[in-house]
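Here UniProt numbering is used: the first residue of the sequence shown is 1, the next is one more, and so on.
Cβ atoms here follow ideal geometry from the backbone N, Cα and C, with glycine treated the same way.
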Amino acid sequence: MPPSTQQTRKRKRSPKPSTSSANTPTPSSVLNHPSFRTTPTHIFFHGGILSNWHPSLSPFPGKRGLEICLPLLDKLGIAHPSQEAYSTLLIHEFGFGRGEQWMMAMKAWLFECDMDESGLKPFQRAGKVSDEEFKQFQSDILSPSAPAPSSSSSGRGRGRETAELEKIYARDSHLPCILRTNVPRSQKALGRKVRGFRPDVWNKASIPIIMAGCVARAQVDQGLRSVYLAAQERTFVEGSPRDRIWGVGLKWDSKAIEDEANWRGENRLGRCHGEAARMIQRVNRSS
Numbered sequence: 001m002p003p004s005t006q007q008t009r010k011r012k013r014s015p016k017p018s019t020s021s022a023n024t025p026t027p028s029s030v031l032n033h034p035s036f037r038t039t040p041t042h043i044f045f046h047g048g049i050l051s052n053w054h055p056s057l058s059p060f061p062g063k064r065g066l067e068i069c070l071p072l073l074d075k076l077g078i079a080h081p082s083q084e085a086y087s088t089l090l091i092h093e094f095g096f097g098r099g100e101q102w103m104m105a106m107k108a109w110l111f112e113c114d115m116d117e118s119g120l121k122p123f124q125r126a127g128k129v130s131d132e133e134f135k136q137f138q139s140d141i142l143s144p145s146a147p148a149p150s151s152s153s154s155g156r157g158r159g160r161e162t163a164e165l166e167k168i169y170a171r172d173s174h175l176p177c178i179l180r181t182n183v184p185r186s187q188k189a190l191g192r193k194v195r196g197f198r199p200d201v202w203n204k205a206s207i208p209i210i211m212a213g214c215v216a217r218a219q220v221d222q223g224l225r226s227v228y229l230a231a232q233e234r235t236f237v238e239g240s241p242r243d244r245i246w247g248v249g250l251k252w253d254s255k256a257i258e259d260e261a262n263w264r265g266e267n268r269l270g271r272c273h274g275e276a277a278r279m280i281q282r283v284n285r286s287s
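Here you go:
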């Protein structure tokens with residue numbers, strides 16, 4: 001038989017790659033990621049898809065984040081704006097681009113409490129502002145041309161309640177500013193300016209707030225959801241050498257980080273991812 005015929009027949013016998021298996025991520029392939037390192041017991045990360053600064057593939061709904069975190073805050077006895085507060089409604093209707101935006105927006109929501117210049121005073125809707133007026137307020141206050149805190153707003157062409165509301169938010173609240181920018185560095189800087197901040201309250205509230213944002217994001221971001229499902233029972237650890245609150249104060253790719261006795265920080269972000277992963281896994285098992 002001529003060599004050319006033999007080569008042709010050999011090529012025909014070669015198995016074709018399976019398209020379905022090639023396109024279906026396995027747990028090992030999902031966890032083989034350049035921004036984290038996986039062991040049988042831990043996922044050590046810094047930056048990348050597990051970072052609060054990482055953009056979500058799709059905006060995640062504030063409504064879902066609130067559904068998860070409000071009962072947890074109530075269980076901890078942490079006072080917060082009511083579901084009818086304007087700040088709550090702004091967050092409820094917003095689509096968040098990344099975890100940092102959610103975190104800093106909720107920080108402003110928790111501590112600024114729809115405040116006016118006379119102090120902390122919750123402004124409830126209570127029928128004073130119609131749905132149409134609220135949507136107009138929402139559009140105006142989230143417009144790129146809206147004034148920053150400490151500026152004035154004329155409220156020209158608005159109803160009295162709506163105009164007053166715009167003045168209050170323009171003058172006193174960092175929440176709209178955080179919602180208006182999708183730059184994580186700017187979101188972080190604005191969060192540091194939040195008035196009325198209490199570290200003791202934030203230390204308790206931050207974990208359920210960030211965890212809720214992680215779950216809400218994972219439910220619209222298949223990449224993050226896949227990591228959570230593939231993680232199984234592993235412990236998430238943020239390996240940031242300079243962060244001893246959200247990380248453990250060690251580099252994610254160091255040998256020292258593998259021993260928990262060496263950790264120098266609280267690992268809050270890792271704990272949030274762990275709780276979020278367990279919630280996503282429970283939902284996946286029940287579906």
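A distance of 8 Å or more separates the beta carbons of PRO184 and GLU93. Bounds of any beta strand (DSSP E) do not take in VAL183, whose DSSP letter is neither H nor E.
Counting the other CB atoms within 10 Å of its CB gives GLN232 a total below 16, which places it among the exposed residues.
Between THR41 and ARG198, the CB-CB gap reaches or exceeds 8 Å.
A straight-line Cα-Cα distance of about 31 Å links PRO61 and GLY265.
Assigned with DSSP and collapsed to three states, LEU57 falls in strand. Burial is judged here by how many other beta carbons sit within 10 angstroms of a residue's own beta carbon; ASP200 has fewer than 16 and is exposed. With respect to the C-alpha of ARG192, the residue from THR38, GLY47 and MET103 having the closest C-alpha is MET103. In the DSSP assignment, GLU67 falls outside any beta strand (DSSP E) and lies within the alpha helix (DSSP H) extending over 62-75.
In this structure the stretch 205-220 lies against the stretch 54-68, because at least three pairs of beta carbons, one per stretch, are closer than 8 Å. Shown here, PHE44 sits in a strand according to DSSP, grouped into three states. DSSP places ARG37 in the uninterrupted beta strand (DSSP E) bounded by 36-38. Cβ neighbours of ILE207 within its own chain (closer than 8 Å, five residues either side excluded): ARG268, ARG271, CYS272 and GLU275. For a cut-off of 8 Å, the C-beta gap from TRP109 to SER87 is around 5 Å, short enough to register as a contact. Within the DSSP secondary-structure output, VAL237 pairs in a beta bridge with PHE44. With respect to ASN182, GLY97 sits close: the two C-beta atoms are nearer than 8 Å. Of the candidates ARG278, GLU260, ILE91 and PHE236, the residue whose Cα lies closest to the Cα of THR38 is PHE236.
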